[in-house]
Structures are given as C-alpha cells and as structure tokens.
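Peer 1: Right, I'll just put the structure down here and ask away after.
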Amino acid sequence: MMEFALFLGCTIPARLNQYESSSRAVLEKLGVGLVDIREFNCCGYPLRNIDFKVFLLSSARNLALGEKRNLNVMTLCKCCYGSLKKAEALIKENVSLKKEVNSTLEKEGLKYEGKIEIKHLLSVLHKDIGIEAIKGNMAMTFKRLKIATHYGCHALRPSQVVGFDNAIAPSLFDQLVEATGAESIDWPMKLECCGAPLWGVNDRLSMDLTLKKLMDGKKSGADYVCAACPYCHIQFDKVQKMILSQRNMNHPLPSILYTQLLGLSLGLDRKALGLEMNEIPISGIEELLSIETEFGEQPESAEKTEST
Amino acid sequence: MFLKVSLTISLVIFIFALIYKVFTWFRYKIGIGSEEILTSTRFFSAIKGILLTIFSVKILTLLKVFVLDVLLQFRILKEDFLRWIMHIFIYGGFMLLLLMHALDKYITVAIWKEYYSTVNPFIFLRNLFGALVIIGVIIAIYRRFILKVPRLFSNAMDIYAILIVAVIIFSGFFLEASKMVAYSDYKRMVDEYSGLSDPEELKSLEAYWVREFGTVSPNLKAPFDEKILAKGKELHESSCAGCHVRPQWAFTGYVAAKIIRPIGLGIDRVRLPSMLWYLHILACFVGLAYLPFSKMFHIFASSISLLANGVIGKEKLSPANKATLQAMELDACTHCGTCSLRCSVIMAFEEIKNINIFPSEKIASIQALASGRKLSPQELRLIQEGVYLCSNCYRCTVVCPVGINLQDLWFNLRETLLQKGYPEFLVLSPLSFYRGLMREETVLKNYEKPLIQAREAIAAQCDLMKKKDKVLPLTPTDRKLQRGLNLSAQAKTFSVCFGCQTCTTVCPVVGNYEDPQEALGLLPHQIMHAAGLGLRDLAFGSNMLWDCLTCYQCQEQCPQGVHVTDVLYELKNLAVKQVRGRTLQSMERK
C-alpha cells in the first residue's frame, strides 16, 4: 500500500477541520495509508519574512522526521508544500547550509539527507493514484457544475523548485476537478494569488485582490471556486464573508475544498466531508450530483463494483 | 503542644494565603477586555456563573471531568504513560497518606473503630502509599535530570516541589525505621502496653524482638537460647501481637531499619527518632503553609481549571469571567513543559534566543506582568515577541494536561502589549493571518495601530525616503547591504537585473494601484536596482517590500533568472534585523 507521512501544518487542525477529515476519508477510500508524526512542527512559512534560518530549520526538522521513518511527506497546504520544497532545494544545492542545518538537528538526534519526496495532496491524487483510478471509484458525478479551479501560488511557483505542474499552463487540478464530472472553467485570473498572505498585514490590499479574483471567477460563470489549501480556502470562505459584509455586497462565490468535491462524488460519509462547516454555505452543490456516472460503462469501474 | 501550635500557625498562614491567592484571581488583569472590569463585578459574575453551571445539566459534565481528568488524570495518560505513573503515584500516594495517616484521628478512626497505626492493614498501607510516592519522586528526578525530556525546564519551584515531597516521605520512613531499632521506643511500648514485670519474662521478650524485629538492645546480644526465644515468642503473642503486627509489614521502614541497624545504639542515644519526628512534622507544616505560594497550589487551581474549561467548551464567556478564568489559569500551570514539547514554532528559538518563545516559559512572564510588577521596555518587548511568535495552531491548548486555554491567553495578551507602543515587526508576517481572522470576533481596539507602528519604525530608520527632492547619489551608499544578501545563494541574482520591468508588470500588488509608486514606494524592478546600488534606505523603506504577496509571479517570469521574490524575502529579513537592533538601542537609551 502507498503510504505517506501526513503533514497537516498549523492552520488545518486549528481552523479547518473539515479539510483534514475529508482528506482522510478520500485517501482511505483510494487506498492511501497515512502516518501521523506527532513531532512535526510549523513548516516555517509564516516566518520567512522575518528570519530565513528559522524557516529553513523548521522545514528541515520536519523533513528529517519523515526521513527518519523513511516516509515521503504529503502536505494538504500549498504554503507548507512550497516551504518544504524550498528548504529541500536550498539544502540540496548548498553544502554548507546543509551542514549548518544538520548540526542543529543533531541535538535531537535528527539528520536530513534529502532522501524523501515531498508531495502535495493533489499530486498524489493525480500522479500516484491517477485520474482513471479515481474515476473508477466514483459513486456519482456532478452535472452542470461549473468550478473555478484555483491552483495556489506556492504550489505552482517558483516552478524550478516546486515542480508541481507547468507554471504557465497547468492542467493537473483541472483534470482532477473534471474527474468528478464538473466543468473546470477558463477564467483570466485562475493563476493569481488568493490574497491570504497579506490578510492581517494589509487588509485593504488583501481584500482588493481577493475580491478581484472572486468577481472574475463569478463573471466567468463559475458556481464555486475550488481550492486545495487551507490559506486559500479560508481566504475565499471566511475572509470573503468578512469582505462582503464590510463592502455591503451580496452574492458570494462560495468556496469548496477539493476533497469535499471529490468526497461527494466518491459517495463518502457526509459527516467526514464537513460541508456545513464552511462559512459560506455549499450544501446546494449536492443537488447537482447524479447517480449515473458518465464513466459507468467503462470496464474498470464495473470491475471495481464487483470487487467491492 | 508543639504539634498544636505549629499546626495552628501553618494552618492560619495557609488559609490567609489561600484567600489572598483566590483574591488575585479577581484582581489580576490580563489583556484586552479586563482593564475596566471591577474586582467586585468579576467576583459576583463568577459566583453567578458557578451557580448557573451547578444547577444545570452541566453538572454531569463536571462530574465526568472530575472523575476522568481531575482524579484519574486521563489527559496526562494521553500524553505520556511514564509521566502519568509518576504523577498518579505521587499524588495518589500522598493523598491517601494524608487521609489515612496524617488525619487518622479524624478520618480513619471515624471509619474503623479499632484503628491502630501499628496493625494491619494500616501499617502495610502506610508503607505502600509512601513507597508509591518515592517511586513517583524517583521518576520525576529521572525525567528532569537524567532522561532530560526535551524542552522541560526546571526552575526553583520545580525543585522545591520535588524536595518538599521527598523530605516529608523520607523523614517519615526513617522515623519509622529509627523507632524500629531504638531501644527506648521498645522499652516505652513494653512499659505502657505489656504489663510484664518479671525480669526473666522481660528478657525473653527482648531477646525475641532483637532476633526477629531488629531492635538494637544495649543489654542483649545474639545468639540466644532457643528456649528463651520460644518463651519470648509466647509472650509476644500474648502481650504485643494484639496491637502490633510484625514490623516486617512496614516493609519500606523495615528495609531502612536494616540499613541503619549497625548504628542502632547511637541512633537511640542521640534520640534520632524524636529529631526525625520534628523534621517530619515541620516539613509537613512548612509544605502546608507555603503551599499557596508554591507550585503545589496547582492541586487546587489545576482542578478548577480542568472543571471550568471542561464545561466552557467553545461557548463564549462574559468578559468578566474570562478575565477571572485567565488569572486563575496562571496558577493552574504546573510548568510541566508539555506545551513547549508540542509547540509548533520551537525551532525559532534556535535563531531568536528569546525564552518567551516557549509557551511554558511565557506563563512566568505573564504572571509577572499580571501581578503588576514594573517591567522594563526591554522585558516587555521580549514578552511581546514571545507571544506574537506563534502560528496559532492551538496545539498547546489541546495538549495542556490541566486544560488551560493557552492560545486564548497569548492572543489576549498580545493585543494589550501591541497597544503599549513598542513596534513589533512580526506583525508584518503571515503570523498575522490569525489576528486578521479574529478582528470581528473580538473587538480589537486600534486594529491598525500595530501594523502602522511597525512600518513607521522601519521608515524612521530610512533617511533617504524622507528626502523631498529625491536626488540620490549614484555611487553605492551601503556596500554592507549587498554583502548582507547572502542568506542563500539565490539572493545574489539581483545583480543580473537589466531593468526590463517584467517583474513590476506582472506583480498583482502593483496592478492594484492607480499610482503604484505613491502607494508602494519603489516597485519590484526598482528594488532590485536599489539592491544593486546599495541603497538600503530605499529598499527597506518601500511599502512594496511589506506588501509583497510572495506569489512568485515576478520570479517565475523574469527573463534574466533573478530570484526577485527571494531577494525581497532577504531584504525583509535584513530590514527586520537592522531596525530591530536600532529600535532596541533607542529604547534602552530612554
């Protein structure tokens, strides 16, 4: 069985439980084993502005913990992903930095050699499990659902470091969204930032950017925006709600986590998906689910039903 | 007499101290929302809250929390088995000793009419309970000083706590042991209880006790005649055994007695038993009188914290009760270090040597602050940095064995400190995301102030930004700036910038403004250029630096391979380091 050390980071357990529970449910269904490492700490992302070394040490300690158990690390957060990948790249290319980091980690009996892989949930779904296998597990598909797919900056860029997908014309997430039967729409601001990094630092600017992006999605015909990162989702959900009330606006573009979307079409337990935990209601999406899967005729899904 | 007087004194001190400590729970002010509330308001609102809870279904939750968390301490068990054994042994053994042994006249006698401290099961149980405490204390010492549990700090109070328990228990055991070997104590019991007067009989009994129970006699020495021993056994069974079991039942004391037997006569001559009695009693009374001021006060405060937080859950407390709860929680902290062990940002301490980064150590600083002690600007700034350097992951709150809502404590205090006017540069990082999310839930006075303050403090150090005509020298003004950009090799790439402005063109922040230069100062390509020219002030003082989303659009698109975002990151690091240093200096001068 495929197995990963699950790196939850700080935001998900504290503020986005539905992302954790829905991810666990989806991955269990798709046969991915998860190992929880209690000693994991913050990836260092929030401190990159302040102290490079703190960021690097924080990331490296997590990677060393994964390496100690010989497990590849999977993140659910794009910022965690970007930070861990950045730390990996820096340590691999700079011998003196590696030495310095390891001399600190040594105090705890840890060492980072760069032997393990760092993956985001979406790349695990796309590359390790595969679109066809996911389709084979579908219980239902969405009909007439338009999704504005949001990639998230720290997964896409800098592409040399993260290697997530083609940074100019990515398609990984679109394919995953379309596997559920939904349509992943084209929208001009698809690859723009969600605005979260400035939330709490410069709220006005953050609001401008978030709103611009969401309005663009709406104008392009989206019913929902879909993210696979706690920062992006909270920005599109809780913060959007705050923005709308502050600027006296109605009609939000609700945000759904990818694991909620996928979980629905996999027919998973509603409780694990936590739909009602989103600040802006998304339960209406269930009406668009239809039992006949468009892939129903395909032989592999028939096999799957037999085996289960 | 001595017993009565010293007990009364220690009890009086204990009670007054207890009242004082509880009073501080209503008086100490921690963080936002607590400043304007009167002590009396807090007191009555607490009483009301308690009554409303007791006379509701929540009483069931309280009972559950009391059994599982307060008595059985499941929260410690969940965290670490060895620690649970340690604590349950110390606390369980000690409480049972208190009830059965120390308060025997009041409790044990009331339950068992035929109670004697020298018969079973009491003599055995007393030793068993004591042995549990000793095992617990040994584990505690092992954990702190040999195993060296990571990030478990030992302060004077922790050492005192282990010491006072150890002194009470060991003095008790050696008191028992010394009485076992001391001839005077044997003689007293014979005189008082045996009713024997025939010298032959007395001699036989004494021989039996010396042989069997380790009494050290100045008159008799082994080997003894079998007949005498047989007679002694008979006398023991008829005169003593009725209310004195074989001392071997006091197994811990008996082991100690074996050790000290060779000096048994000397022990009796200096009346060690009575010295140890005084030590045992005094240690107990000192422990009692000092309890409210020591870590041992957690016996009360931690139980209350567990019960209170057990019923509060996620519901909102009134500001008055919240203030009281938070003041009480400071006393509930046992300095066990679980929060620091699990803290998400502990790696920060490797570079930023501020002890307040560790949650367990923040508590001590907050206690000082709450008690109204005058703290220097430097100390305040360190606490402020410590409470802000937090990813708000709630782990400390989740793992706290006594259920303290630590996250809430940090948040509350953070706001108060930020309003005091010392610039905190950490607010210019994504650590502020949580503060932004909280801006509606908690009424944050002057939400913008700390953000403006930090930016202004940086701008104040950048003289060139203030120049009106903006005529700048073309020669590098600060060569150190370029040398400073060396945290990673990537930052050096600014030197290949040829000024094509692609970075600025694709920047979503720049694109957000009609007049970007007015709002942001230097734009990304200009900052790359400023780094090349060594124009420190212009790079640091530009809003662009702090308004960067780190979305990496600029870096991705740069035709020259300049790591624009990474250079911006490093400039921010440098700016914080330099400005923090200078603000500190100017604070010290004040």
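Protein sequence lines correspond, in order, to chains P and W.
Residue numbers for the first sequence follow my numbering, beginning at 1 and rising by one.
Residue numbers for the second sequence follow my numbering, beginning at 309 and rising by one.
We treat Cβ as the ideally placed atom computed from N, Cα and C, and that holds for glycine.
Bear in mind the structure is a predicted one, so any value in this text is a computation, not a measurement.
(1) What are the boundary residues of the beta strand (DSSP E) that includes residue 224 of chain P?
(2) Fully enclosed by the region 73-148 of chain P, which alpha helix (DSSP H) runs are 4 residues long or longer?
(3) Could you please tell me which residues of the region 29-43 of chain P, in chain order, have their CB closer than 7 Å to any CB of chain W?
(4) Whole angstroms are fine: how far does the CA of residue 74 of chain P sit from the CA of residue 301 of chain P?
(5) Please give the ranges of any alpha helix (DSSP H) in the region 620-699 of chain W, keeping only runs that are unbroken, at least 4 residues long and fully inside the region.
(6) Find out if the Cβ-Cβ distance for the pair residue 216 of chain P, residue 189 of chain P is shorter than 8 Å.
(7) Which first and last residues belong to the alpha helix (DSSP H) in which residue 732 of chain W is found?
(8) Tell me where the beta strand (DSSP E) around residue 36 of chain P begins and ends.
(9) Could you check what DSSP says for residue 309 of chain P in three-state terms: helix, strand or coil?
(10) Buried or exposed, going by whether 16 or more other CB atoms sit within 10 Å of the CB of residue 469 of chain W?
(11) With the cut-off set at 8 Å, would you say residue 849 of chain W and residue 770 of chain W are in Cβ contact?
(12) Just to confirm the assignment, what range does the beta strand (DSSP E) spanning residue 411 of chain W have?
(13) What do you get for residue 269 of chain P, buried or exposed, if any count of 16 or more other CB atoms within 10 angstroms of its CB means buried?
(14) Can you have a look at residue 245 of chain P and say buried or exposed, based on whether 16 or more other CB atoms are within 10 angstroms of its CB?
(15) So for residue 486 of chain W, helix, strand or coil by DSSP?
(16) Can you tell me whether residue 748 of chain W is helix, strand or coil according to DSSP?
(17) Does any residue of chain P bring its CB to less than 8 Å from the CB of residue 345 of chain W?
(18) Using 10 angstroms around the beta-carbon of residue 8 of chain P, count the other beta-carbons present and answer buried if the total reaches 16, otherwise exposed.
(19) Report the three-state DSSP secondary structure of residue 3 of chain P (helix, strand or coil).
(20) May I have a chain-ordered list of the beta strand (DSSP E) segments no shorter than 3 residues that lie completely inside the region 234-300 of chain P?
(21) Can you tell me the Cα-Cα spacing of residue 673 of chain W and residue 788 of chain W, whole angstroms?
(22) Distance, Cα to Cα, residue 649 of chain W vs residue 41 of chain P?
(23) Just tell me which of P/85, P/57 and P/262 has its CA closest to the CA of residue 28 of chain P.
(24) Could you compute how far the alpha carbon of residue 558 of chain W sits from the alpha carbon of residue 514 of chain W?
(25) Pairs of beta-carbons, one from the region 720-737 of chain W and one from the region 675-688 of chain W, closer than 8 Å: are there three or more?
(26) If we ignore side chains and look at the alpha-carbon of each, how far apart do residue 291 of chain P and residue 885 of chain W end up?
(27) Compare the Cα-Cα distances from residue 111 of chain P to each of P/70, P/256, P/30 and P/224 and report the closest residue.
(28) Let me check understanding here. Comparing Cα to Cα, which of W/415, W/763, W/614 and W/717 lies closest to residue 380 of chain W?
(29) Specify the secondary structure class of residue 150 of chain P as computed by DSSP and reduced to three states.
(30) Would you mind telling me which residues of chain W sit closer than 7 Å to residue 104 of chain P, beta carbon to beta carbon, in chain order?
(31) Which of the three DSSP states, helix, strand or coil, is assigned to residue 497 of chain W?
(32) For a contact defined as C-beta to C-beta under 9 Å, what are the partners of residue 216 of chain P on chain W?
(33) Give me the Cα-Cα distance between residue 569 of chain W and residue 527 of chain W, rounded to the nearest whole angstrom.
(34) When you compare the CB of residue 67 of chain P with every CB in chain W, is at least one pair closer than 8 Å?
(35) If you draw a straight line from the alpha carbon of residue 824 of chain W to that of residue 205 of chain P, how long is it in whole angstroms?
(36) Is the distance from the Cβ of residue 314 of chain P to the Cβ of residue 254 of chain P below 8 Å?
Peer 2: A quick look at the data gives this:
(1) In the first sequence, the residue the question calls residue 224 of chain P occupies position 224. 224-227 is the extent of the beta strand (DSSP E) around residue 224 of chain P.
(2) Whole alpha helix (DSSP H) segments, 4+ residues: 78-93, 95-105 and 131-136.
(3) 41 and 42
(4) By 1-based counting over the first sequence, the position of residue 301 of chain P is 301. By 1-based counting over the first sequence, the position of residue 74 of chain P is 74. No answer about residue 301 of chain P holds up, because its pLDDT of 43 lies below 50 and its placement is not dependable.
(5) 627-640, 646-650, 667-678 and 685-696
(6) For the purposes of this step, residue 216 of chain P is taken as residue 216 along the first sequence, with counting starting at 1. For the purposes of this step, residue 189 of chain P is taken as residue 189 along the first sequence, with counting starting at 1. Going by C-beta atoms, residue 216 of chain P is nearer than 8 Å to residue 189 of chain P.
(7) The residue you call residue 732 of chain W lines up with position 424 of the second sequence. Residue 732 of chain W -> no alpha helix (DSSP H), and no H or E assigned at all.
(8) Indexing the first sequence from 1 puts residue 36 of chain P at position 36. Where residue 36 of chain P is concerned, the enclosing beta strand (DSSP E) stretches over 32-36.
(9) Any answer about residue 309 of chain P is impossible in this case: the structure gives chain P only from 1 up to 308.
(10) Here residue 469 of chain W corresponds to residue number 161 of the second sequence, with the count starting at 1. Flag for residue 469 of chain W reads buried.
(11) As a first step, residue 849 of chain W must be located in the second sequence, where it is residue number 541. As a first step, residue 770 of chain W must be located in the second sequence, where it is residue number 462. Yes, these two residues count as a Cβ contact at 8 Å.
(12) The residue labelled residue 411 of chain W in the question sits at position 103 within the second sequence. Premise fails: residue 411 of chain W is in no beta strand (DSSP E) and is neither H nor E.
(13) Here residue 269 of chain P refers to the residue found at position 269 when the first sequence is read from its first residue. Classified as exposed, residue 269 of chain P has fewer than 16 neighbouring CB atoms from the shown chains inside 10 Å of its CB.
(14) Taking the first sequence and counting its residues from 1, one reaches residue 245 of chain P at position 245. Burial call: exposed.
(15) Looking up residue 486 of chain W in the second sequence gives position 178. Helix.
(16) Stepping through the second sequence from its first residue, residue 748 of chain W is reached at position 440. Assigned with DSSP and collapsed to three states, residue 748 of chain W falls in coil, not helix or strand.
(17) As a first step, residue 345 of chain W must be located in the second sequence, where it is residue number 37. It does not: the Cβ of residue 345 of chain W has no partner Cβ on chain P nearer than 8 Å.
(18) Locating residue 8 of chain P in the first sequence gives position 8, counting from the first residue. By the 10 Å Cβ count, residue 8 of chain P comes out buried.
(19) Within the first sequence, residue 3 of chain P is the residue found at index 3, counting from 1. The answer is strand: DSSP assigns residue 3 of chain P an E or B state.
(20) Counting only runs of 3 or more, we get 255-257.
(21) The residue you call residue 673 of chain W lines up with position 365 of the second sequence. The residue you call residue 788 of chain W lines up with position 480 of the second sequence. Each residue's alpha carbon lies about 37 Å from the other.
(22) In the second sequence, counting from the first residue as 1, residue 649 of chain W sits at position 341. In the first sequence, counting from the first residue as 1, residue 41 of chain P sits at position 41. Spanning the two alpha carbons is a distance of roughly 10 Å.
(23) What you label residue 28 of chain P is simply residue 28 of the first sequence in a count that begins at 1. When only C-alpha atoms are compared, the closest one is P/262.
(24) Position 250 of the second sequence, counted from the first residue, corresponds to residue 558 of chain W. Position 206 of the second sequence, counted from the first residue, corresponds to residue 514 of chain W. For residue 558 of chain W and residue 514 of chain W, the distance between alpha carbons rounds to 20 Å.
(25) Using a Cβ-Cβ distance cut-off of 8 Å, the region 720-737 of chain W and the region 675-688 of chain W are in contact, since at least three pairs of beta carbons, one from each stretch, lie closer than that value.
(26) As a first step, residue 291 of chain P must be located in the first sequence, where it is residue number 291. As a first step, residue 885 of chain W must be located in the second sequence, where it is residue number 577. Roughly 59 Å separates the two Cα atoms.
(27) If you number the first sequence from 1, residue 111 of chain P lands on position 111. Nearest option by C-alpha distance: P/70.
(28) The residue you call residue 380 of chain W lines up with position 72 of the second sequence. Minimum Cα distance to residue 380 of chain W is reached at W/614.
(29) Position 150 of the first sequence, counted from the first residue, corresponds to residue 150 of chain P. Looking at residue 150 of chain P - three-state DSSP - the assignment turns out to be coil, as it is neither helix nor strand.
(30) Position 104 of the first sequence holds residue 104 of chain P. Here the neighbours are 658.
(31) Within the second sequence, the letter at position 189 stands for residue 497 of chain W. Three-state DSSP puts residue 497 of chain W in a helix.
(32) Start at 1 with the first residue of the first sequence, and residue 216 of chain P comes out as number 216. Neighbours of residue 216 of chain P on chain W: none; closest Cβ ~12 Å, over 9 Å.
(33) Reading the second sequence from its first residue, position 261 is the one you call residue 569 of chain W. Reading the second sequence from its first residue, position 219 is the one you call residue 527 of chain W. Taking the straight line from one Cα to the other gives about 15 Å.
(34) Here residue 67 of chain P corresponds to residue number 67 of the first sequence, with the count starting at 1. No, its Cβ sits nowhere closer than 8 Å to a Cβ of chain W.
(35) Here residue 824 of chain W refers to the residue found at position 516 when the second sequence is read from its first residue. Here residue 205 of chain P refers to the residue found at position 205 when the first sequence is read from its first residue. Distance between the alpha carbons of residue 824 of chain W and residue 205 of chain P is about 12 Å.
(36) Residue 314 of chain P lies beyond the stretch modelled for chain P, which goes from 1 to 308, so this question has no answer here.
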